[in-house]
Amino acid sequence: CFAVYTKMHHSLVDGAGGASFMTALHDLVPNPEYSRAPDAEPRLVDTAPSVGELLTKATINNVKNTVQLITGSARTARDLGKYALDIARKEIPAPDISAPKTILNKPVGPHRVFDAAEFPLDGFKDIKRAVGVTVNDVALGVIGGALQRYLTAKGEAPAEGSLAAALPLNMRTRRNTTEENNQVGSVFASLHTDISDPVERLIAIRQSTEEAKASGEASPMVDALKLAGVFSPVISKSVAGFWSRNELSRHIPMNISTCISNVPGPNFPLYCAGAKMVDYYGLGVLTPGMGIFHLVFSYSGKITLSVLADRGIMPDPEFYHDCLVASYEELYAAAIKLGPALPKAAVAAKAKIRSPKRAQSSKRPGKAVPKLHAKTPAALTPSSGSRPASKTTPKKKAAPKSKTASTVKKSAPKPARPKIGRRKAGAAKPKLQ
């Protein structure tokens with residue numbers, strides 16, 4: 005096996021752009037046939053600019069940026085007034101940004117931890133059909149339940165109120181563009197962690213996400229981040245450093261517990277240099293006051309929940325992995341009790357959760373819910389001076405075929421109800437420095 009690790013700044017790509025980049029790196033078959041003939045005659049695309057040309061372009065861009073800042077700010081102020089008026093008239097739902105402060109809202113340090121859990125896509129679709137929600141809503145339900153379990157075990161669960169999440173919103177349709185750069189806005193939705201029943205919580209999440217999208221599509225603030233590009237990077241970096249050093253995130257009235265990004269991938273296998281892509285993990289950006297990031301990625305019949313967190317906020321990601329497992333089990337078990345909404349095949353357990361291998365899984369008998377194989381996390385410790393990167397995606401691939409070496413293939417899961425897999429106690433956790 006080998007892994008491909010990509011690291012790109014969020015100003016270059018967003019989740020959808022990263023998925024397109026990944027697709028471009030891969031083939032649909034292990035050994036595709038390529039034509040060695042060039043598509044066209046070589047042509048000159050551009051010449052290297054001179055110093056004078058660079059200075060001229062920089063001057064023109066500075067003037068354009070100043071005009072854009074003035075006109076954009078005026079337009080945003082006007083649209084905000086209209087947006088507030090529409091909310092007062094109840095023509096659009098007000099965004100739900102009231103959430104209690106927890107340990108997840110502590111200032112973020114330089115060290116990171118990582119874990120991932122994988123589920124068959126069919127298991128999520130079973131819940132989706134039974135409850136009448138979307139696959140993304142199911143992911144939010146699993147994550148919300150896991151966060152509540154984690155905080156409860158730490159004695160840090162909020163006494164009242166629900167955790168809230170930031171949800172990236174693809175802005176390509178709104179901006180009428182197909183560019184692969186950063187075309188994303190953010191909306192906020194409640195995870196309804198104050199509702200104990202998992203199905204009722206999932207239904208409430210569905211309503212919250214619909215209201216958040218309706219509010220976000222009407223809000224001018226989702227486009228306001230475009231104005232940040234007109235400021236000098238020196239100014240932006242200085243402001244960000246001042247914000248971080250003085251821990252000003254403590255004074256933000258919005259206590260967003262996590263960011264949950266959903267990136268749909270292809271539902272068929274991909275290949276790179278003859279090797280099949282086995283797993284895909286995504287890392288995101290931690291911001292001051294939000295110390296955990298989730299990426300939901302679907303690929304070839306399974307869903308991966310990748311978790312990146314600040315080490316000081318979540319020192320035990322393997323325990324949070326188990327919280328994700330338990331949350332899924334609870335939600336799946338409650339959903340299948342709804343009966344007719346699920347097909348007969350759904351009664352058989354379909355979930356298999358894995359995270360990077362650390363030890364052989366031990367079986368725990370007696371569970372009537374989907375099987376979960378644990379794959380262990382890897383700890384990441386970037387240097388304190390590194391720039392935040394977006395959607396860094398290590399991809400684990402199987403080794404290409406060889407004439408002398410035998411290959412091991414995974415057989416398709418049988419429709420029998422498997423038991424839950426667990427890591428062996430005391431398994432060592434590998435670290436990447």
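Those letters in the sequence shown? Residues 5 to 437, per this note's numbering, in order. Backbone N, C-alpha and C fix where the C-beta goes; we use that ideal spot for every residue, glycine too. Treat the numbers as computed from the prediction; the structure is a model and nothing was measured.
Considering only DSSP beta bridges, list what residue i is partnered with.
i: T156; result: DSSP lists no partner for T156.
i: D320; result: According to DSSP, which records beta bridges pairwise, D320 is partnered with nothing at all.
i: I296; result: A313
i: S190; result: P172
i: V267; result: F301
i: W275; result: The question names Trp, yet the displayed sequence has Tyr at residue 275. According to DSSP, Y275 bridges with D31 and K280.
i: E122; result: T308
i: T262; result: A169
i: T291; result: M294
Nearest by alpha-carbon distance to residue i: which of the options is it?
i: S102; options: E95, T80, S166 and E204; result: S166
i: A216; options: S24, T197, A168 and Y154; result: A168
i: Y332; options: A150, T63, P273 and L84; result: A150
i: I96; options: R315, K132, A313 and S212; result: S212
i: L144; options: T197, L29, M12 and D326; result: T197
i: R315; options: I260, F25 and I107; result: I107
i: E164; options: Q152, S310, P172 and E57; result: Q152
i: K158; options: I209, A88 and D320; result: D320
i: E214; options: P202, P104 and L195; result: L195
i: E334; options: V71, C276, K306 and E204; result: E204
i: K110; options: E37, I340, M318 and L16; result: M318
i: I207; options: V137, D326, V112 and A313; result: V137
i: P124; options: F192, D326, L312 and S304; result: S304
Could you give the residue range of the alpha helix (DSSP H) that holds residue i?
i: I131; result: L125 to V135
In angstroms with no decimal places, state the Cα-to-Cα distance between residue i and residue j.
i: G295; j: S265; result: 15 Å
i: H86; j: L32; result: The sequence as given places Lys at residue 86; His does not occur at that position. Roughly 48 Å separates the two Cα atoms.
i: A218; j: K94; result: 12 Å
i: A330; j: I74; result: 51 Å
i: L328; j: A7; result: 25 Å
i: D90; j: G220; result: 13 Å
i: F323; j: V243; result: 36 Å
i: G288; j: K68; result: 31 Å
i: P439; j: T291; result: This structure gives no information on residue 439, because the portion of the chain shown stretches from 5 to 437.
i: C276; j: D83; result: 47 Å
i: K132; j: S302; result: 15 Å
i: L299; j: S261; result: 14 Å
i: T60; j: S77; result: 26 Å
i: P202; j: A338; result: 7 Å
i: P46; j: N66; result: 35 Å
i: F246; j: F272; result: 46 Å
i: A92; j: K129; result: 37 Å
i: Y9; j: E122; result: 19 Å
i: T80; j: Q72; result: 11 Å
i: F297; j: G56; result: 44 Å
i: H30; j: S24; result: 10 Å
i: Y336; j: Y154; result: 19 Å
i: V49; j: L58; result: 17 Å
i: A28; j: I307; result: 21 Å
i: E37; j: L274; result: 15 Å
i: D141; j: I147; result: 10 Å
i: A134; j: I199; result: 19 Å
i: E52; j: I64; result: Correcting the residue identity first, residue 52 is Ala in this sequence and not Glu. The straight-line gap from Cα to Cα measures roughly 19 Å.
i: P172; j: S54; result: 39 Å
i: A161; j: N259; result: 14 Å
i: K105; j: L16; result: 32 Å
i: G21; j: S310; result: 18 Å
Between which two residues does the beta strand (DSSP E) carrying residue i extend?
i: M281; result: A279 to Y284
i: V8; result: F6 to V8
**Prompt:** Is the region 114-123 touching the region 271-282 in the sense that three or more CB pairs, one from each, lie closer than 8 Å?
**Reply:** Counting C-beta pairs closer than 8 Å gives fewer than three between the region 271-282 and the region 114-123, which falls short of the contact rule.
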